[in-house]
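Written out below as structure tokens is the structure these notes cover.
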Amino acid sequence: MKDLTACATRSTCPYCGVGCGVLLQPDGAGGLTVTGDPDHPANQGRLCSKGSALAETVGLSHRLLAPRVSGVETGWDDALQLVADRFSETITEHGPDSVAFYVSGQLLTEDYYIANKLMKGFIGSANIDTNSRLCMASTVAGHKRAFGTDTVPGTYEDIDEADLVVLVGSNLAWCHPVLYQRLMAARQARGTKIVVIDPRRTASCDSADLHLPLTPGSDVALFNHLLTQIDARGFMGTEFLTHTNGFAEALASAQADDITVTGLDPDDIATFCEMWTGTEKVVTIFSQGVNQSTSGSDKVNAILNCHLATGRIGKPGCGPLSVTGQPNAMGGREVGGLANMLACHLDIENADHRAAVRDFWSAPTMPETQGLKAVDMFRAAGDGRIKALWVIHTNPAVSMPEADAVRDAIAACPFTVVSDITARTDTARLADVLLPASAWAEKDGTVTNSDRTISRQRSVLPAPSQARADWDILCEVGRRMGWTSAFDYQSPAEIFREYAVLSGIAARFGKDFDISGLSDLNAAEYDALEPTRWPITASQQGGRFFADRQFFHADGKARLLPVIWRSPATKTEPRYPFRLNTGRLRDQWHTMTRTGLSARLSAHLPEPFLDIHPKDARAGQIAAADLVEVHSPHGKAILRARINADVTRGQVFAPIHWTGETAPSARIDTVVAAEVDPISGQPESKASVVNVTRFNAAWYGFAVSAREMSPTCTYWAQSPTKSGFRAELAGTDPVPDWQAAARNLFGLPDAEVTAVEDAGRGVARLAFHQNGQLVAALFISPEPVAVMRDYLATLPQVPNLGLLSGRAPADMPDPGPVLCSCFDVGVNTILTAIETHGLMSVEAIGEALQAGTNCGSCRPELAALLASTQQKEAAE
Ligand SMILES: Nc1nc2c(c(=O)[nH]1)N[C@H]1C(S)=C(S)[C@@H](COP(=O)(O)OP(=O)(O)OC[C@H]3O[C@@H](n4cnc5c(=O)[nH]c(N)nc54)[C@H](O)[C@@H]3O)O[C@H]1N2
Ligand SMILES: Nc1nc2c(c(=O)[nH]1)N[C@H]1C(S)=C(S)[C@@H](COP(=O)(O)OP(=O)(O)OC[C@H]3O[C@@H](n4cnc5c(=O)[nH]c(N)nc54)[C@H](O)[C@@H]3O)O[C@H]1N2
Ligand code: SF4
Ligand SMILES: [Mo]
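The C-terminal position of the sequence shown is numbered 876 in my numbering, with every residue numbered one higher than the one before it.
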């Protein structure tokens, strides 16, 4: 094999906050080869399924290539002038707080710095918030309350060295897969114990020693109970506690709390407390099951209390570790992207901090109070207070709670600008001005991952057509609004240097974020910057916070917070008897604008679904593969029922990824209530109350096509396959002429058709051919369609005439849904191999089929499949 490292460019994966290093090698034809960077400290060469499939997402088929005003392509000059003029006019007429930016934890630090500088320093409003409000805000609030600033004390090496790792509200196996692989390696090497705290059984539970399926939202009660057990086991009175305040109050509050609200088995609780108190090296990893809650900040502090009470912080192998979601969620926190922060962890409401930043920027004005947080920002757009809005690198019409109201608010806003790489998003479709941004592999800048490591993202492909970098677009608008010198940057390196200097000023206020050691980087040094953990000063690089027991409150001490359990904001009632949990799938990234382009990634779970417990399904007369309607006071969604006991009774789970582009009736945030944590403003995305009823379809359909389809029926979900597209369909109205309907669906007015129809039974099967090749097929039935989908999905574009049975021929078995996306191995293939070859381990499956031997993301599922077949055998 050719040595890639010699000629490849080192960069960073644009998906999750693990921040894996990648080696990129352009193929000269617009494509790329992507491999893991063996020298990057985050991943040491590993990549997950999403990272491994990056090359499949860089094509230009969906790209936005020119600015559009009211849907019509224009040049940059007109578009930028319009944006600058409309923002300036709105500010003149209605004041700076009548405009807002809604940005993203996927922006590069340099983009983010400019957006923040423009809004807070020059426009003079703090109305810039970010999708990190939906993601990290509770952690930021919890860290600030406990430590005095938003410091992440843990590092990835702590995972390697821990003896107990507790995953709280984190499906690490699917959402931070390379960290999970690090955890698996540590477990192999030192027998690390793993506890998963999650109301739902997830892939991360497959290797756990203990799974605590607590009642949604009850984490505070569990960690409060742990604090009482820490006290009972005589940990208190240690020297470490002299470096903290608030212990007595926190303990009193913990003692007043009620562990029974967790609904957990008392023996399991006792086991957990024994494991936690009995192990010195404990790392508690937490994510959205903690943050996305109306008691998210309290959940964070309940966890931090236990680490502070035992001094298990600031030491190797110990500590709380909030894993960040987006590639630059951490960078955004550092750069002040949230409406309640200034750059470099300075506070907007502190007059001295404001003055320092204002002087540094030579800013004409500076807001004195916090701006609108995400939920309030879109409410203000909806009721007319925000009159000009710029959305950059995020898709709020899908990802915000009460998404229909958000969509309406964006549509109602008099002037909306959207910067994206594609026009095919729910939000981009609402824009007055749509600006083409250059994409990941075309951009230069930096990102910070979950353990404070700053890595370079390097451009290896030219920006196509008129696409421009986000920082560049923002600077142009700043200059056209009259602030010529403040936004006169030539390169990301120049922006980064300015930011590094500002961090040195922030450090004088006793702040932790200090990268002043990088203030003098020249262009070549910036280009060559190695992954580096902050702080980076003249005298210090990386290192560990709190090892010296110095915290960032004025008295230098950490604070334990008295917290007490509160139930989620919305309460179940007879009309809404279920609690809706939402989250992520292994192979999709958020609203799918990139991962959704990969046939391989889309094959893992190609359709939106709702997990429901078998007893609840039976009570609702919901059968396997039925469609269900999920209702709440805010909207409704239609999803495929998956009946299983991964969720407990009374709870249902749906993935977040489907949109108006891919499955319009399955936008799950339409039903999620916009209830927020009172301290962090983070929405409770995982605990809305809903009702679930069977969706009474008049007909169900399954279609495959060589070309993208244009479905119009009540329910549809379309995804790419290797040979075209597949779609699930359902409708409430009878269709009189299936042939005509199919021709519209496929855009095939003239193709040859073969049809088997039985109007009486409501069954129709149609195949369309052109030049002897199958181009499309449609299967209709009054019940959920039973055909071999994964076999049929391979057929378009090959000569085939005998497919209308919907069954694979005996010599071509149906592979089943893809489990290993790297080697395209389906569940049925794996099951057959397990049975015929008597395979007993994940390694044996790998040897037989290659499955699980590349990125390893599917290994938890392979293990689960093995376990289920072994259980079945034992029962027989
Ligand atoms: N494959 C993939 N990976 C991703 C992403 C992606 O889109 N796809 N997105 C990235 C981003 S931005 C983020 S923020 C992270 C999110 O990473 P995670 O937070 O790990 O992912 P989620 O699936 O949102 O939620 C985690 C778990 O919280 C559980 N949960 C729900 N309610 C509660 C509760 O009350 N208590 C507890 N303890 N648990 C609860 C859910 O059942 C779920 O399994 O993933 C990142 N990585
Ligand atoms: N119910 C529920 N809702 C949730 C969550 C949940 O768990 N449950 N999780 C929340 C969380 S944690 C998050 S982080 C959000 C994520 O939600 P979003 O941020 O809305 O989702 P993305 O799909 O990541 O949106 C990124 C957009 O940026 C575009 N883009 C890609 N590259 C570039 C670029 O270089 N420049 C520009 N300008 N645009 C680009 C993409 O095409 C896409 O449209 O969802 C939140 N919503
Ligand atoms: S774990 Fe996967 S998605 Fe996350 S940074 Fe690494 S390769 Fe990218
Ligand atoms: Mo996130």
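Yeah, the Cβ is synthetic: ideal placement off N, Cα and C, and Gly gets one too.
Gly-314 and Arg-549 look like a contact to me (Cβ under 8 angstroms); what is the Cβ gap, rounded to whole Å? For this step, residue 314 is matched to residue 314 along the sequence shown. For this step, residue 549 is matched to residue 549 along the sequence shown. Indeed, because the Cβ distance is near 7 angstroms, the residues count as touching under 8 angstroms.
Three-state secondary structure (DSSP) at Tyr-908? No information on residue 908 is available, as it lies outside the stretch 1 to 876 that the chain covers here.
Let me check one thing: in DSSP terms, what residues is Ala-727 bridge-paired to? To locate residue 727, count along the sequence shown from 1; it is residue 727. BP columns for Ala-727 point to Ala-703, Gln-718.
On a Cα-Cα basis, can you pick out the residue from Asn-116, Asp-404, Gly-95 that is closest to Ser-104? Position 104 of the sequence shown, counted from the first residue, corresponds to residue 104. Nearest C-alpha to Ser-104: Asn-116.
Which residues, in chain order, sit with a beta-carbon under 6 angstroms away from any heavy atom of ligand 4? Result: Cys-135, Gly-325, Gln-326.
Check this for me: beta carbons of Phe-235 and Thr-294, under 8 angstroms apart or not? The residue given as residue 235 occupies position 235 in the sequence shown. The residue given as residue 294 occupies position 294 in the sequence shown. Their beta carbons are not under 8 angstroms apart, which means Phe-235 does not touch Thr-294 by this criterion.
Is it buried or exposed for Cys-7, if we count other Cβ within 10 angstroms and need 16 for buried? For the purposes of this step, residue 7 is taken as the residue at position 7 of the sequence shown. Looking at its Cβ environment, which holds fewer than 16 other Cβ atoms inside 10 Å, Cys-7 is exposed.
Is any non-hydrogen atom of ligand 2 found closer than 7 angstroms to the C-beta of Glu-367, if you look at the structure I gave you? Reading the sequence shown from its first residue, position 367 is the one you call residue 367. The question names Glu, yet the displayed sequence has Pro at residue 367. Pro-367: no, Cβ never under 7 angstroms from ligand 2.
Unbroken alpha helix (DSSP H) run spanning Phe-223, endpoints: The residue given as residue 223 occupies position 223 in the sequence shown. Unbroken alpha helix (DSSP H) run through Phe-223: 219-232.
For Glu-629, the first and last residue of its enclosing beta strand (DSSP E): Counted from its first residue, the sequence shown places residue 629 at position 629. Taken as a continuous stretch (DSSP letters only), the beta strand (DSSP E) holding Glu-629 covers 627-632.
Residues of its chain near Arg-458, where Cβ-Cβ distance is below 8 angstroms and the 5 sequence neighbours each way are ignored: Translated into the one-based positions of the sequence shown, residue 458 becomes position 458. Excluding positions up to five away in sequence, the list reads Thr-9, Arg-10, Ser-11, Leu-24, Asp-444, Asp-527.
Tell me Leu-610's beta-bridge partners as DSSP assigns them. Here residue 610 corresponds to residue number 610 of the sequence shown, with the count starting at 1. Leu-610 pairs with Ala-641.
Quick one: grab the DSSP three-state call for Glu-73. Taking the sequence shown and counting its residues from 1, one reaches residue 73 at position 73. Note: Glu-73 maps to strand in three-state DSSP.
If I measure Cβ to Cβ from Ala-666 and keep anything under 7 angstroms in the same chain, skipping five residues before and after, which residues do I get? The sequence position of residue 666 within the sequence shown is 666, counting from 1. Cβ within range, chain order: Pro-608, Ala-637, Ile-638, Leu-639, Trp-658, Ala-717.
Once DSSP output is grouped into helix, strand and coil, what is the label at Ala-877? In the structure as shown, the chain starts at 1 and stops at 876, and residue 877 therefore has no counterpart that could be examined.
Taking Leu-251 as part of the alpha helix (DSSP H), name the residues at either end of that continuous run. Position 251 of the sequence shown, counting from 1, holds the residue named residue 251. 247-256 is the extent of the alpha helix (DSSP H) around Leu-251.
Under 8 angstroms, do Val-672 and Ser-685 count as touching if we go by C-beta distance? Start at 1 with the first residue of the sequence shown, and residue 672 comes out as number 672. Start at 1 with the first residue of the sequence shown, and residue 685 comes out as number 685. It is a contact, given that the beta carbons lie within the stated cut-off.
Assigned secondary structure, Gln-288 (DSSP; H/G/I helix, E/B strand, else coil): Here the question's residue 288 lines up with position 288 in the sequence shown. Here Gln-288 sits in helix by DSSP.
Alpha helix (DSSP H) segments (min. 4 residues) lying fully within the stretch 474-533: 492-508, 523-528
Distance, Lys-144 Cα to Phe-487 Cα: To locate residue 487, count along the sequence shown from 1; it is residue 487. To locate residue 144, count along the sequence shown from 1; it is residue 144. Using only the alpha carbons, I get a separation of about 31 angstroms.
For Asp-758, report the span of its beta strand (DSSP E) as first-last. Stepping through the sequence shown from its first residue, residue 758 is reached at position 758. Note, Asp-758: beta strand (DSSP E), 752-758.
Quick test of your reading: Val-477 and Thr-427, contact by CB under 8 angstroms. State the CB separation rounded to the nearest angstrom. For the purposes of this step, residue 477 is identified with residue 477 of the sequence shown, where counting begins at 1. For the purposes of this step, residue 427 is identified with residue 427 of the sequence shown, where counting begins at 1. Actually they are not in contact, since the Cβ atoms of Val-477 and Thr-427 sit about 19 angstroms apart, beyond 8 angstroms.
What separation, rounded to the nearest whole angstrom, lies between the Cα atoms of Trp-534 and Leu-521? The residue labelled residue 534 in the question sits at position 534 within the sequence shown. The residue labelled residue 521 in the question sits at position 521 within the sequence shown. Looking at the two C-alpha atoms, the distance is approximately 15 angstroms.
What is the residue span of the beta strand (DSSP E) that Val-787 lies within? Mapped onto the sequence shown, residue 787 falls at position 787. Element bounds for Val-787: n/a, residue is neither H nor E.
Any heavy atom of ligand 2 inside 7 angstroms of the beta-carbon of Ser-485? Residue mapping note: residue 485 aligns to position 485 of the sequence shown, counting from 1. Flag unset: Cβ of Ser-485 not near ligand 2.
Given a cut-off of 8 angstroms, decide if Val-460 and Ala-441 are closer than it, judged by their beta-carbon atoms. The count along the sequence shown starts at 1 and reaches residue 441 at position 441. The count along the sequence shown starts at 1 and reaches residue 460 at position 460. Result yes, Cβ atoms of Ala-441 and Val-460 sit closer than 8 angstroms.
Separation of Leu-819 from Ser-868, as counted between CA atoms: The sequence position of residue 868 within the sequence shown is 868, counting from 1. The sequence position of residue 819 within the sequence shown is 819, counting from 1. Looking at the two C-alpha atoms, the distance is approximately 15 angstroms.
Which of helix, strand or coil DSSP assigns to Asp-27: Residue numbering aside, residue 27 sits at position 27 when the sequence shown is read from its first letter. It is coil, neither helix nor strand.
Given that a residue counts as buried once 16 or more other Cβ atoms are within 10 Å of its Cβ, and exposed if not, what is Leu-465? What you label residue 465 is simply residue 465 of the sequence shown in a count that begins at 1. Leu is not the amino acid found at residue 465; the sequence shown has Ser there. Exposed is the call here.
Can you list, in chain order, the residues of its chain whose CB lies under 6 angstroms from that of Gly-660, leaving out five sequence neighbours each side? Residue 660 sits at position 660 when you count from the first residue of the sequence shown. Excluding residues within five positions, the ones whose Cβ falls inside 6 angstroms are Asp-426.
Could you tell me the boundaries of the alpha helix (DSSP H) in which Cys-306 lies? Mapped onto the sequence shown, residue 306 falls at position 306. Note, Cys-306: alpha helix (DSSP H), 296-309.
Looking at the unbroken beta strand (DSSP E) that takes in Cys-820, where does it start and where does it end? Within the sequence shown, residue 820 is the residue found at index 820, counting from 1. Residues 818-820.
Per the contact definition of three or more C-beta pairs closer than 8 angstroms, is the stretch 770-777 in contact with the stretch 746-761? Judged by Cβ distances under 8 angstroms, the stretch 746-761 makes contact with the stretch 770-777, as three or more pairs qualify.
Per the DSSP calculation, Gln-773 is bridged to which residue(s)? For the purposes of this step, residue 773 is identified with residue 773 of the sequence shown, where counting begins at 1. According to DSSP, which records beta bridges pairwise, Gln-773 is partnered with Gln-770.
Three-state secondary structure (DSSP) at Ala-617? Looking up residue 617 in the sequence shown gives position 617. Correct three-state label for Ala-617: helix.
Shortest alpha-carbon distance to Lys-299 belongs to which of Ile-410, Pro-216, Glu-498, Phe-695? Within the sequence shown, the letter at position 299 stands for residue 299. Checked all of Ile-410, Pro-216, Glu-498, Phe-695; the closest Cα to Lys-299 is Pro-216.
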